[in-house]
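Step one of this worksheet: look at the structure below.
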Amino acid sequence: DAKTTQPPSMDCAEGRAANLPCNHSTISGNEYVYWYRQIHSQGPQYIIHGLKNNETNEMASLIITEDRKSSTLILPHATLRDTAVYYCIVKGAQKLVFGQGTRLTINP
Amino acid sequence: ETGVTQSPTHLIKTRGQQVTLRCSSQSGHNTVSWYQQALGQGPQFIFQYYREEENGRGNFPPRFSGLQFPNYSSELNVNALELDDSALYLCASSLGTSGGPAGEQFFGPGTRLTVL
């Protein structure tokens with residue numbers, strides 16, 4: 077499984093867009109990029125995933141670079157409830173390999 | 011649609027004891043994965059069960075074992091508990107085992123195990 081690199085922490089003002097970067101330079105052609113988040117003491121929550129193209133759902137947008145070596149998760153209008161640890165995961169078969177994630181704090 | 015549930019929510023055991031944790035998968039899901047999350051760390055993959063068979067295992071000793079039942083619910087058993095086994099144990103269910111859309115995993119709230 078390819079490894080990912082994320083900044084350990086980020087801050088964002090409420091109502092602004094939160095842009096969370098992730099590097100996955102060793103990703104292989106059949107591996108997807110997944111994003112999960114974990115609010116304190118709860119189970120991780122699926123956010124979005126993609127292979128090559130940019131993706132958008134009701135929660136977020138995922139921008140994957142053309143070479144697929146990095147991606148950015150965008151929360152368009154962050155709220156206080158978006159404060160959580162965000163995990164970027166490159167997934168092949170079976171398991172999710174979690175790193176340390178990015179602790180995102182949304183400030184009022 | 012019922013989500014993933016886990017029981018118990020909290021558990022306290024002493025070193026050397028055995029523990030069984032339970033997980034009910036989301037309706038329609040045939041795959042269950044178990045993860046251990048130590049305080050301040052990301053979840054670590056323990057193993058996965060697909061249609062009642064173990065389908066991959068992480069770097070955990072044999073005293074961590076599991077079962078999946080015909081209704082796709084699952085158990086995680088840990089023998090000879092050690093202090094370092096204190097963690098949040100997470101269960102995730104999914105449909106299928108491959109990467110991509112079919113591999114999206116839905117997590118339960120976890121069981122907090124404390125070993126004294």
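If you read the sequences in order, they're chains D and V. With positions in the first sequence counted from 1, the corresponding number in our numbering is that position plus 76. With positions in the second sequence counted from 1, the corresponding number in our numbering is that position plus 10. Glycine included, each C-beta is placed from N, C-alpha and C at the ideal position.
Which residues of the stretch 35-51 of chain V have a Cβ closer than 7 Å to any Cβ of chain D? Give them in chain order.
From the stretch 35-51 of chain V, only Ser43 have a Cβ closer than 7 Å to chain D.
N-terminal and C-terminal residue of the beta strand (DSSP E) that Lys23/V is part of
Segment His20 to Lys23, the beta strand (DSSP E) holding Lys23/V.
Please go through the same chain and pick out, in chain order, the residues whose beta-carbon is closer than 7 Å to the beta-carbon of Ser101/D, but skip the five residues on each side of it.
When the five nearest sequence neighbours on each side are left out, the beta carbons in the same chain lying within less than 7 Å of the beta carbon of Ser101/D are those of Lys145, in order along the chain.
Any Cβ of chain D within less than 8 Å of the Cβ of Gln58/V?
Taking a beta-carbon distance threshold of 8 Å, Gln58/V counts as an interface residue toward chain D.
Pro18/V at chain D interface by Cβ criterion, 8 Å:
Judged by the 8 Å Cβ criterion, Pro18/V is not in contact with chain D.
8 Å Cβ cutoff met for Gln28/V and Val125/V:
In this structure, Val125/V does not lie closer than 8 Å to Gln28/V by Cβ.
Start and end residues, beta strand (DSSP E) containing His125/D
Per DSSP, His125/D belongs to the beta strand (DSSP E) from Gln121 to Gly126.
Spell out the partners DSSP gives Lys145/D in its beta bridges.
Beta bridge pairing from DSSP links Lys145/D with no other residue.
Take the Cβ of Ser103/V as the centre, count every other Cβ of all protein chains shown within 10 Å, and call the residue buried at 16 or more, exposed below.
Of the other Cβ atoms in all chains shown, 16 or more fall within 10 Å of the Cβ of Ser103/V; this residue is therefore buried.
In chain order, which continuous runs of the beta strand (DSSP E) of length 3 or greater are located wholly inside the stretch 59-104 of chain V?
Listed in chain order, the beta strand (DSSP E) elements of length 3 or more contained wholly in the stretch 59-104 of chain V are 63-67, 74-78, 84-88 and 97-104.
Do Gln58/V and Asn65/V have their C-beta atoms closer together than 8 Å?
In this structure, Gln58/V places its C-beta atom within 8 Å of the C-beta atom of Asn65/V.
Chain D within 8 Å of Leu105/V, Cβ atoms only
Taking Cβ atoms only, chain D never reaches closer than 8 Å to Leu105/V, which makes this a no.
Pair within 8 Å by beta-carbon distance, Ser104/D and Arg179/D:
Contact flag unset, no.
Can you give the Cα-Cα distance for Asn130/D and Ser147/D, rounded to whole angstroms?
About 9 Å.
Assuming contact is defined by CB atoms lying nearer than 8 Å, are Tyr122/D and Tyr112/D in contact in what I supplied?
Their beta carbons are under 8 Å apart, which means Tyr122/D touches Tyr112/D by this criterion.
With 16 as the cutoff for other CB atoms within 10 Å, does Phe79/V come out buried or exposed?
Its Cβ having fewer than 16 others within 10 Å, Phe79/V is exposed.
For Phe55/V, would you say it is in contact with chain D, using Cβ-to-Cβ distances shorter than 8 Å as the test?
In terms of beta-carbon proximity, Phe55/V lines the interface with chain D, with at least one pair separated by less than 8 Å.
By the 9 Å beta-carbon criterion, what residues does the stretch 109-124 of chain D contribute toward chain V?
Those residues of the stretch 109-124 of chain D that come within reach of chain V (Cβ to Cβ, closer than 9 Å) are Tyr110, Tyr112, Gln114, Ser117, Gln118, Gly119, Pro120, Gln121 and Tyr122.
Take Asn40/V and list the residues in its own chain whose beta-carbon comes closer than 7 Å to its own, dropping the five residues that flank it on each side.
The residues are Tyr60, Arg61, Tyr82 and Leu105.
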